[in-house]
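S.K.: For the sequence shown, the UniProt record's numbering begins at 1 and goes up steadily by one.
Please read through the structure below; I'll follow up with questions.
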Amino acid sequence: MDYSAMDNGSAAEFIKGKRIAIIGSGKSAVDIAFECAKANGTDIPCTVIQRTIHWMLPHDAQPWGLSFGFLCFSRFAELLVHKPGEGFLSSILAMSLSPLRWGMSKLIESYLRWKLPLKKYNMIPKESVLQEASSCQILFLPPNFYNKVEDGSIVLKKSQCFSFYKEELHCRISDLRNSSLQTNDPSKDSTASGDKLLGVSFESLYIRDE
Numbered sequence: 001m002d003y004s005a006m007d008n009g010s011a012a013e014f015i016k017g018k019r020i021a022i023i024g025s026g027k028s029a030v031d032i033a034f035e036c037a038k039a040n041g042t043d044i045p046c047t048v049i050q051r052t053i054h055w056m057l058p059h060d061a062q063p064w065g066l067s068f069g070f071l072c073f074s075r076f077a078e079l080l081v082h083k084p085g086e087g088f089l090s091s092i093l094a095m096s097l098s099p100l101r102w103g104m105s106k107l108i109e110s111y112l113r114w115k116l117p118l119k120k121y122n123m124i125p126k127e128s129v130l131q132e133a134s135s136c137q138i139l140f141l142p143p144n145f146y147n148k149v150e151d152g153s154i155v156l157k158k159s160q161c162f163s164f165y166k167e168e169l170h171c172r173i174s175d176l177r178n179s180s181l182q183t184n185d186p187s188k189d190s191t192a193s194g195d196k197l198l199g200v201s202f203e204s205l206y207i208r209d210e
């Protein structure tokens, strides 16, 4: 909360030189991670821990030359999905256009898989693009976001659970192939294989006490 209330200069100074872990997969999470990566670089990478992966689009997304807005947010795109309280004709139309809806979704997904290294970092969502678009879960990435991931200044992780302990953050990492974070000695872990200890400093006394 302190960070969100700061101006740009104060926020940049606040995060500089600190090891930061961000829990979340929304627009705010990727924007803050990008700012941390710019401030600290590869010397102190920022970790983004996500429970649910969402489709993330490049800021200049145009799937195979087509407008993303037309494919997902136009009047025509509204005809492809079922809506609460829809009439009989609208239901029949959405049902008859379901093959087109599926094809459009796969077209966009193939573009994103080609444009971004999603498979390399295990960042492919379970839901389709159109499902996420209809529920407002899609987000646009800052320019060159995955360049920061490639150079190691942003570390992407998936975890279904996490907990706070004093000045550290415990989380269960299911995929450790790309792990480059400092961890505790595995022999001292009382948890199952795959549990890692991420040493994260918390400046907030409230979080430390909790």
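Virtual Cβ for every residue (Gly too), placed ideally from N, Cα, C.
1) Could you check whether Trp64 and Tyr111 sit closer than 8 Å to each other, using their CB atoms as the reference points?
2) Candidates Asp60, Arg101, Ile154, Val155: which alpha carbon is nearest Ala77's?
3) Can you give me the Cβ contacts of Ile154 inside the same chain, cut-off strictly under 6 Å, excluding the 5 residues immediately before and after it?
4) What separation, rounded to the nearest whole angstrom, lies between the Cα atoms of Pro117 and Pro58?
5) Which same chain residues, not among the five before or five after Lys115, have their C-beta less than 7 Å away from its C-beta?
6) Determine, using beta carbons only, whether Ser105 and Ser90 come nearer to each other than 8 Å.
7) Can you tell which of Gln50, Ile15, Asp60 has the C-alpha that lies nearest to the C-alpha of Leu141?
8) How should Ala133 be labelled, buried or exposed, when 16 other C-beta atoms within 10 angstroms of its C-beta is the threshold for buried?
9) In terms of residue numbering, what span does the beta strand (DSSP E) encompassing Leu156 cover?
10) Assuming Leu130 contacts Lys27 under a Cβ cut-off of 8 Å, what Cβ separation, rounded to an integer in Å, is found between them?
11) Rounded to whole angstroms, what's the CA-CA distance from Met123 to Leu107? Just pull it up for me.
M.R.: With the structure as the only source:
1) yes
2) Arg101
3) Ala33, Ala37, Cys46, Lys148
4) Rounded to the nearest angstrom, the two C-alpha atoms are 12 Å apart.
5) Pro58
6) Their beta carbons are not under 8 Å apart, which means Ser105 does not touch Ser90 by this criterion.
7) Cα-wise, what sits closest to Leu141 is Asp60.
8) buried
9) For Leu156, the enclosing beta strand (DSSP E) covers residues 154-158.
10) With a Cβ gap of about 19 Å, Leu130 and Lys27 do not count as contacting.
11) 18 Å
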